[in-house]
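For reference, the structure discussed in these notes is given below.
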Amino acid sequence: MFEIIDKKSYSRQTIISLRIDAPEISQKGMPGQFVIIITDKTGERIPLTIADNDPIAGTITLVFQIVGKSTALLGSKNVGDFIKDVTGPLGKAVEMKKYDKKILVIGGGTGIAVLHHIAKGYYEHKNKLVSILGARTKEFLIMKDEMKNISDECHITTDDGTEGFHGFVTQVTDMILSERSDEIEFAVAIGPVVMMKACCEITKKYNKATIVSLNPIMIDGTGMCGACRVEIDHETKFACVHGPQFDGHKVNFDLLMERQRIYLDDERISLFKSIK
Amino acid sequence: MNHDEKEEKYILINVTFRGEKGYIKLSPYLNIFELESNLPIKEGDIVDDMTCPHCGKSFIVNTMCEECKTAHVAQFIVSAFSKLIPFYICTKYGCKWHGLSKRDEHLIKIKIPRQEMSAQDPKLRINNFDEVPFGYNMEMAEMEAARCMQCKKPKCIEGCPVNINIPKFIDLIHQGKIIEAARSIKESNSLPAICGRVCPQETQCEATCILGTFDMPVAIGCLERFAADYERSMGSIQIPEKKARTEKKVAIIGSGPAGLTAAAELVKNGHSVTIFEALHESGGVLTYGIPEFRLPKEIVKSEINYLKNLGVRIRTNMVIGKLFSIDELLNDQKYDAVFIGVGAGLPIFMKIDGENLGNINSANEYLTRINLMKAYKFPEYDTPAPRGRKIATIGGGNVAMDCARTALRMGAKESWIIYRRSEKEIPARSEEIHHAIEEGVKFKLLTTPVRYIGTKNGFVKSMEVISMKLGEMDKSGRRSPIPIEGSNEIMDIDLVIIAIGAGPNPIIFDSTPDMNLNKWGYIDTIDEFGKTYKDKVWAGGDIVTGAATVISAMGAGKKSAFAINEYLMGDASHLSQNSY
C-alpha cells in the first residue's frame, strides 16, 4: 500500500498531481521512467510517467488527466488515502549529460508534467533549455512557473489565445527552428500523440532529432504481454522495455493512435458503470 | 498346466444362501466374477453370510451397494487388501477383501478399472470459468489407491521430477489416512494441489507405472489432487517442523513454480527467504497464465499461503533489474545467495504483415487480462479483454489450448487452433486436446498464417493462411513444416491469439552484465543444480531451459535449493570451526 502525501489539481480538476510515498522507487526513478499503478482491488494496471521524484522525502509525483474510470477513481483519492500497488521504476531513462547547444523542449497538456521531469534533469546537467508549452486555454496550462525557472526562454501557446501565442506549439517550434536552428542541439516533444506527430513533422524539416514519450496501452509494463507494441522504423518494439522514449522521426504515430483506441468501447462501459 | 496349479487358482468361500449352507468357488485368474457353487446362486443374488477363505471369519453380507442399489454375489469378494477390516465395494468398481494372498491381491487389483474423475458437461462449462473435472470422492480415491501394486522398486518415483514417494502416499490413501497422505506428499512437493492438476503425469510418474504396461496406470495425479484438496477442505493444513534458524538470507526472484519450490525447501532448512515478484500477485504463470477452469486461483492462493505460513516473505511489485539489481541484493541488502526463477515471459511474435492490428494479442496478454486481471468479470473488474465471434489461436501447445478454450468462455462462436504441423506433433497434453475438442474447439492443422488484413479502424478482420507439408526431421526431432506454394486462402477472423511460445525477458540482465547467457538469451549454468557463472547466484526453470512445464521448473527449484543449502551450511560450518 502506498500513501498519498500531497494532492494538487489543475485545469478545473481535470488534471491531478499526486505525491506518493514510495521510498524505494524514489531512490531509483530517473527522468523518462514510469510506474504502473493499481488503485484498488478491482482496478486495472495503468502506466503513469514519473513526473518528479524526491529521494530524500521518499516520494514520487504522478500527474495525470482524468480520461476514464481508472483515472477518475485515482483522482478521487485524497491525502492520507492509499493506492493498492505501485510498481517501478519501469522503462528506460533518458540519457542525461551536458550538450553543447540548447535543447528545445516542447510540452502539451499533461505531457508538460513528464517533460518537466526530463527538462529538470537536463537543467541539472547544466544544459540551456528553450521551452514551448501549449494548452487549449489559459487555465489548462500546468507547471508554467516550474518550467520557466529552468528554461532560458519559455514560450507559451494557447489554442484560444488566452495566454501567450494564439495557436499551437508546432507553429512556435517552426518559428524558432526557422530563425535559429543552429542554436538547437535536438528537441524533446511530449504531449498528445497528434501534437508529437505534428512536432516531429516540423523538426524533421530542420533535421533536428526529436525524442518523444509514447503512452500506449500496457498491462504488466515489464515486456511480458506485448500490448504496448509500437513500430519504430518499421520494427515492432515494446514501449515498456525499449521505451517509452523513442526517436520521434521513426515512430509510426498512426498505429499508436489506432492501438490506443482498441478498448474505447470497453472504456466507455466501464466509465458509465462507475458513474451509475 | 498341472492339476495342482489349477486348484490353487480357485478361492473357496463358505456361504449361507436362503438358509442353506454351501460354497462358492471363484476363479480370479480368468475373471474374478466367475462363479461356481453347489447352491443355486446367480450373480446378483444376496447371500446371507460368508466366511473369508483366508482368516475363516465370517461376515454378514446383506448390505446393498450404495452406488447401484443392488448386491451382487461377486460383491462379497471385496475387502481391504492389506488391513483386516472387511468392507464391501460394488463390483462395478472393484473389490476389496481382507486376508487375500499377495498373489490373489495383485490379480484382483489389475481387475479394478482406473477411476475416472467426472467432469462438467462441455456444453455447460463453456459458459463458465469453473474447474472442469470434479475430482474424486473418498470411495473413488480408495478404489484407485487399491490399484497401486506397491512395487518393491517403484518406477514412478524416478518418473517424478521432485521424486515424491508415490507408493507411500497412495498406501496412506488406501488406508483411509488422507491427511497423512497429503503431508507425506508435502515432504517432497510443497504444491500438491497444483501439481495434481497441471502436471503431465502421463509422460512422467504415470508413464513409468508398472500397471501401465498391461492396463491403465494408476491415476497418480488424481490421487495427489484428492489428498491435497481433502487436507485443505478439512482445514488440516499443518506447518511442518523447520530446522533451526541459520541467519542466512536468500533472495528468490520470481514467485512462479521454480521460485516457490526453492523458497519452500530453503525456509524448511531454517534460512530466511524473501521472494521478489514483479507483478502485484504472486504465483507467476500459475496466476497469470493457467486459466481458472484448469487451476482455480483459490488453490494457488492457498498453496502460496502455506509457504507464507512456513515463513517465506513475498514482496510483490518488485521488478528486479529495475528497482534493485542482483548485485544490490547481494552487496547492499546482504543476501547470502540469490535464486533466479523468472521464467520465460517474453512473448514471441511471427513478424508478419499486420501483426500489430487491433485484436491480435499475444497469449500472454490475452491470458493475463483474463486470469490475472479478471477481465472475464469485466466491468466488475476494470480490465477489459478483447472479444471476438470467430477467433484463431496460433500454436498447438497447452497455452494455445488454454487460449482457445478461454475464448469460448468469453463468448466466441467459433474457436480455431491453427497449428503448422500435424496432430502427431502437436505438443499439448492429450487431456487438454480432448477437453478442447469436447468443448467445440476446431483444429486447422498443417496451416500457418502469412499475413493479417485489417478494417479501416485498424482491427483484424481476416488472415491469409498457407497449408504446410512435413519435410525432414529438424533438430527438435520433429518433421519440419514446409509451406505448399499456391495453397493460400483467406480465413475471416476477428480475434487472433498468438501462442507460439515465449522467450527470456532480458529486463533482469540489463543490470547484471556478468551473467552468462546462451545464444537464445537463457542463463548458462555450470551444473545440474543451476549454479550460474556468477558468484552466489543460482537459476532454474524456464529461464534456464526455455519454456517447459510447471513440475520441471519445480524440480529445478528443488535442486537449486539443495545446492544453495549445501553452500550456505558449508559456509557456516567453516565459520564455526574458525571461531573455536
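Protein sequences, first through last, are from chains Y and D.
Residue numbers for the first sequence, in the working numbering: 161 to 436.
Residue numbers for the second sequence, in the working numbering: 101 to 680.
Built from N, CA and C at the ideal position, the CB exists for glycine as well.
This structure is a prediction, so every number in the text was calculated from the model and none was measured.
Boundaries of the alpha helix (DSSP H) around His274 (chain D): 266–274. At least 8 Å separates the beta-carbon of Ile353 (chain D) from that of Gly411 (chain D). Nearest CB-CB separation between Val246 (chain Y) and chain D: below the 8 Å threshold. Each of Y:Met378, Y:Tyr282, Y:Val401, Y:Met356 was checked against the Cα of Gly251 (chain Y), and the nearest Cα belongs to Y:Val401. Contact note: Thr468 (chain D) reaches chain Y through Ile379, Asp380, Met384, Cys385, using a C-beta cutoff of 8 Å and chain order. In this structure the stretch 576–592 of chain D touches the stretch 553–564 of chain D; the number of beta carbon pairs closer than 8 Å is three or more. In chain order, Phe393, Pro396 place their CB closer than 7 Å to the CB of Glu231 (chain D), counting only its own chain and leaving out the 5 sequence neighbours on each side. Within chain D, not a single residue places a beta-carbon under 9 Å from that of Val411 (chain Y); the smallest gap is close to 13 Å.
Your pair Leu457 (chain D) and Phe314 (chain D) does not check out as a contact, with CB atoms roughly 53 Å apart and the cut at 8 Å.
Residues of the stretch 217–244 of chain Y whose Cβ lies closer than 7 Å to any Cβ of chain D, in chain order: Lys229, Ser230. Apart from sequence neighbours up to five positions away, the residues of its chain that approach Ser660 (chain D) with a beta-carbon distance below 6 Å are Ala362, Phe439, Phe629, Gly630, Trp638, Gly640, ordered along the chain. Note on geometry: alpha-carbon atoms of Arg214 (chain D) and Ile124 (chain D) lie some 27 Å from one another.
When the five nearest sequence neighbours on each side are left out, the beta carbons in the same chain lying within less than 8 Å of the beta carbon of Lys343 (chain D) are those of Lys368, Asn369, Gly370, in order along the chain. Inter-residue distance for Leu407 (chain D) and Ser372 (chain D) is about 12 Å (C-alpha atoms, whole angstroms). Counting other Cβ atoms within 10 Å of its Cβ, Pro486 (chain D) reaches 16 or more and is therefore classed as buried.
Cβ neighbours of Ile310 (chain Y) within its own chain (closer than 7 Å, five residues either side excluded): Ala279, Lys280, Tyr283, Leu289. For Leu379 (chain D), the C-beta contacts it makes with chain Y under 7 Å involve Asp380, in order along the chain. Val332 (chain Y) counts as buried, since at least 16 other C-beta atoms from the protein chains shown sit within 10 angstroms of its C-beta.
Within the DSSP secondary-structure output, Gly458 (chain D) pairs in a beta bridge with D:Phe559.
A residue is called buried once 16 or more other Cβ atoms fall within 10 Å of its Cβ, and His277 (chain Y) is buried on that count. With contacts defined by Cβ atoms closer than 8 Å, Val348 (chain Y) and Val265 (chain Y) form a contacting pair.
Leaving aside the five residues that flank Arg205 (chain Y) on each side, the residues in its chain whose CB is nearer than 6 Å to its CB run, in chain order, Ile196, Ile198, Ile379.
If you compare the alpha carbons of Y:Leu178, Y:Ile371, Y:Ile344 with that of Leu234 (chain Y), the shortest gap goes to Y:Leu178. When DSSP reads this structure, Val350 (chain D) sits in a beta bridge with D:Val373, D:Ala437. Taking a Cβ-Cβ threshold of 9 Å, none of the residues of chain D is close to Arg296 (chain Y); the smallest such distance is about 26 Å. Counting only the Cα atoms, Leu222 (chain Y) lies some 21 Å from Arg296 (chain Y).
For Asp334 (chain Y), the closest C-alpha among the options Y:Ile350, Y:Asp320, Y:Cys360 is that of Y:Cys360. Nearest CB-CB separation between Lys422 (chain D) and chain Y: below the 8 Å threshold. A contact between stretches requires three or more CB pairs, one per stretch, nearer than 8 Å, and the stretch 570–584 of chain D fails this requirement with the stretch 597–611 of chain D. The residue from Y:Gln405, Y:Ile316, Y:Ser169 with its alpha-carbon nearest to that of Ser373 (chain Y) is Y:Gln405. Against Arg419 (chain Y), the close residues of chain D are Asn456, Gly458, Gly558, in the order they occur along the chain (beta-carbon pairs closer than 8 Å).
Annotation for Asn431 (chain D): the continuous alpha helix (DSSP H) segment containing it runs 426–431. When DSSP states are grouped into helix, strand and coil, Thr416 (chain D) belongs to the coil group.
What Gly445 (chain D) touches in chain Y, judged by beta-carbon distance under 8 Å, is Thr382, Gly383, Met384, going in chain order.
Nearest C-alpha to Gly646 (chain D) among D:Leu617, D:Ala602, D:Gly511: D:Ala602. Residue state for Glu120 (chain D) is assigned as strand, using DSSP reduced to three classes.
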